[in-house]
Amino acid sequence: MLEIILRTRTAPLSLSLKQLEEKGMVIRRKNPEDNRFTYVRLTEEGQMKIAAYCEEKLRR
Numbered sequence: 000m001l002e003i004i005l006r007t008r009t010a011p012l013s014l015s016l017k018q019l020e021e022k023g024m025v026i027r028r029k030n031p032e033d034n035r036f037t038y039v040r041l042t043e044e045g046q047m048k049i050a051a052y053c054e055e056k057l058r059r
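Numbering (numbering that gives the first Met the number 0) for the sequence shown: 0 to 59.
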């Protein structure tokens with residue numbers, strides 16, 4: 000579903016999410032009922048970095 004919203008293909012999206020996961024920004028886990036789907040959520044660090052980014056954008 001995220002690939003539809005972002006209008007991208009699955010492979011590039013998976014690579015981006017893997018990189019974000021390695022940086023501690025997101026957590027991914029497979030849907031236990033349907034292995035085709037993966038849940039993605041921001042970590043606390045990811046939330047703080049996005050908040051800092053938004054604050055910086057507002058100051059400009």
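Note that beta-carbon positions come from the ideal geometry of N, C-alpha and C, so glycine has one too.
Fair warning: this is a prediction, and the values are worked out from it, not measured in the lab.
Here TYR38 is bridged, per DSSP, to ARG28. For the pair ARG6 and LEU12, the Cα-to-Cα distance works out to about 10 angstroms. THR9 is not a Cβ neighbour of VAL25, given a cutoff of 9 angstroms. Between GLU21 and ARG27 the beta-carbon gap is near 11 angstroms, outside 8 angstroms, which marks them as no contact.
Between LEU14 and THR37, the CB-CB gap reaches or exceeds 9 angstroms.
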